[in-house]
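Counting in our numbering, the final residue of the sequence shown is number 305, and the numbers go up one at a time with none missing. Beta carbons are placed, not taken as given, at the ideal position from N, Cα and C, and that holds for glycine. Every value quoted in this text rests on a predicted model; they were computed, and no experiment measured them. Here is the structure we will look at.
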Amino acid sequence: MPASTEPLEPAPGHVQLLSIDEPPHHLQNQKISSGKGTFCLHGRVQNSGHRSYLLLVFAAIAIPAGLFFGFTAPWIWNNISQALPVVFSYLLLLCIVNLVRAVTSDPGILPRNIHTETSIGPGSLNIASSSVTVNCRQYDEDNLIYLPINYCAVCKIWRPARASHCRDCDSCIDIMDHHCVWLNNCVGARNYRYFFWFIWSLSLLGYFMSTLGFVHVLTLNRQKSSSMIAAIRFAPVSFALAIYSALGSIYPTSLGLYHIFLMSRGENTREFVCNE
Ligand SMILES: [Zn+2]
Ligand SMILES: [Zn+2]
Numbered sequence: 030m031p032a033s034t035e036p037l038e039p040a041p042g043h044v045q046l047l048s049i050d051e052p053p054h055h056l057q058n059q060k061i062s063s064g065k066g067t068f069c070l071h072g073r074v075q076n077s078g079h080r081s082y083l084l085l086v087f088a089a090i091a092i093p094a095g096l097f098f099g100f101t102a103p104w105i106w107n108n109i110s111q112a113l114p115v116v117f118s119y120l121l122l123l124c125i126v127n128l129v130r131a132v133t134s135d136p137g138i139l140p141r142n143i144h145t146e147t148s149i150g151p152g153s154l155n156i157a158s159s160s161v162t163v164n165c166r167q168y169d170e171d172n173l174i175y176l177p178i179n180y181c182a183v184c185k186i187w188r189p190a191r192a193s194h195c196r197d198c199d200s201c202i203d204i205m206d207h208h209c210v211w212l213n214n215c216v217g218a219r220n221y222r223y224f225f226w227f228i229w230s231l232s233l234l235g236y237f238m239s240t241l242g243f244v245h246v247l248t249l250n251r252q253k254s255s256s257m258i259a260a261i262r263f264a265p266v267s268f269a270l271a272i273y274s275a276l277g278s279i280y281p282t283s284l285g286l287y288h289i290f291l292m293s294r295g296e297n298t299r300e301f302v303c304n305e
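Given below as structure tokens:
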């Protein structure tokens with residue numbers, strides 16, 4: 030029996046999957062994204078937002094690290110152990126690499142203009158509003174296991190479940206966690222791991238720097254049998270770094286613990302905030 034060439038009619042109540050214009054596969058995302066992202070090196074590096082916050086983050090890490098190598102590390106190297114400054118250097122490298130990857134990676138920008146008005150058919154959808162949610166609940170498990178379908182009228186796409194439109198990036202981001210103003214980038218499907226390891230390597234770096242700073246001051250205090258004030262006067266930079274890094278580690282540690290909590294729930298920041 031020859032196969033019928035007639036197009037199949039969708040069953041009543043089903044969401045009709047309309048014809049989709051295939052995106053041109055030879056084009057990279059950076060060439061079909063008209064969001065606010067800045068792309069360099071043929072799309073391998075991208076970022077968006079306010080660069081001033083990013084410079085602040087780099088300065089908050091690089092300046093104390095430079096002071097540590099100038100004042101604390103030589104004393105630790107000569108008097109305690111040569112391994113400790115090496116471990117510090119490794120943690121600093123880990124922190125910087127994860128920061129750069131989180132800042133410059135594509136967070137999961139979804140290609141635009143795939144499901145345009147012409148491809149989904151005139152009158153089939155009112156896309157005057159910025160986002161349309163299609164309620165596809167037919168069975169008990171719909172909307173529980175399967176999330177509603179969202180149409181983004183800005184990007185003109187049916188975006189996947191857990192994706193969301195970021196106003197700062199002006200793009201839909203796959204599994205969007207949040208837009209981080211400090212990184213000037215969204216945290217999403219493709220750079221979440223770098224963000225997570227950045228905040229934990231930053232926490233470890235801070236606690237390690239704090240410990241070595243206090244070790245410097247306390248050892249001087251014991252060796253010279255002087256008062257604590259006198260020991261701080263001998264190593265004021267180490268003491269200042271110890272206080273700065275101990276206080277500065279509180280925020281990334283709290284953030285890291287919060288993300289472990291989110292992972293245990295199988296959620297991301299946006300879903301947790303919206304569901305509460
Ligand atoms: Zn969008
Ligand atoms: Zn964003």
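Using DSSP with H/G/I as helix, E/B as strand and the rest coil, what is residue i?
i	result
Arg191	coil
Gln75	strand
Asn108	helix
His144	coil
Asn214	strand
Tyr179	Checking the sequence, you will find Asn at residue 179 rather than Tyr. Looking at Asn179 - three-state DSSP - the assignment turns out to be strand.
Met292	helix
Ser232	helix
Ser256	coil
Ser283	helix
Ile138	strand
Ile92	helix
Pro303	At residue 303 the sequence reads Cys, which differs from the Pro that was named. It is helical.
Ile272	helix
Leu201	In the sequence under discussion, the amino acid at residue 201 is Cys, which differs from the Leu named in the question. Three-state DSSP puts Cys201 in a strand.
Cys209	strand
Leu85	helix
Beta-carbon within less than 6 Å of residue i's beta-carbon, same chain only, minus the 5 sequence neighbours each way: which residues are those?
i	result
Val302	none
Cys209	Val216
Asn304	none
Arg130	Tyr223
Spatial neighbours of residue i within its chain, please: C-beta separation below 8 Å, excluding the five flanking residues on both sides.
i	result
Ile204	Gly137, Arg191, Ala192, Gly217, Ala218, Tyr221, Asn297
Pro189	Leu139, Asp203
Ser256	Asn250
Arg299	Ser193, Met205, Asp206, His207
Val132	Asn76, Leu83, Leu212, Asn213, Asn214
Ile108	Sequence check: residue 108 is Asn here, not Ile. Excluding positions up to five away in sequence, the list reads Thr248.
Give me the Cβ distance between residue i and residue j, rounded to the nearest whole Å; I'm assuming they're in contact under 8 Å.
i	j	result
Asn213	Tyr119	About 26 Å separates the two Cβ atoms, so there is no contact after all.
Leu270	Pro103	The pair is not a contact, with the Cβ atoms about 14 Å apart (cut-off 8 Å).
Ser239	Ala182	Wrong, their Cβ atoms sit about 50 Å apart, outside the cutoff.
Ile228	Leu291	With 8 Å as the limit, Ile228 and Leu291 do not qualify as a contact, their Cβ atoms being about 13 Å apart.
His245	Ile105	7 Å
Thinking just about the alpha-carbon of each residue, which of the options is nearest to the one in residue i?
i	options	result
Pro265	Leu113, Phe243, Cys201, Phe87	Phe243
Ala89	Pro189, Leu291, Pro281	Pro281
Gly295	Tyr223, Ala91, Gln75, Asp206	Asp206
Val86	Ile105, Ser293, Leu247, Trp211	Trp211
Ser200	Asn107, Asn108, Asp135, Leu241	Asp135
Thr67	Ser293, Arg130, Cys198	Cys198
Ala91	Ile279, Phe117, Val74	Phe117
Leu128	Gln252, Ser230, Leu247	Ser230
Note down, in chain order, each residue of its chain lying with its Cβ closer than 7 Å to the Cβ of residue i, except the 5 sequence neighbours on either side.
i	result
Ile249	Note that residue 249 corresponds to Leu in the displayed sequence, not to Ile. Within the same chain, Leu249 has close Cβ partners Ala260, Phe263, Ala264.
Leu96	Val266, Leu270
Phe100	Val266, Ser267
His288	Phe225
Leu113	Ile105, Leu241
Arg196	none
Ser110	none
Tyr273	Pro93
I'd like to know whether the C-beta of residue i is nearer than 9 Å to at least one C-beta of chain C.
i	result
Arg188	This model lacks chain C altogether, as it is built from one protein chain only.
Is any heavy atom in ligand 4 found nearer than 8 Å to the beta carbon of residue i?
i	result
Ile105	For ligand 4, the structure offers nothing, since it holds only ligand 1 and ligand 2.
Meets three-Cβ-pair contact criterion under 8 Å: the stretch 123-130 and the stretch 224-235: Contact between the stretch 123-130 and the stretch 224-235 is present, because at least three Cβ pairs lie under 8 Å.
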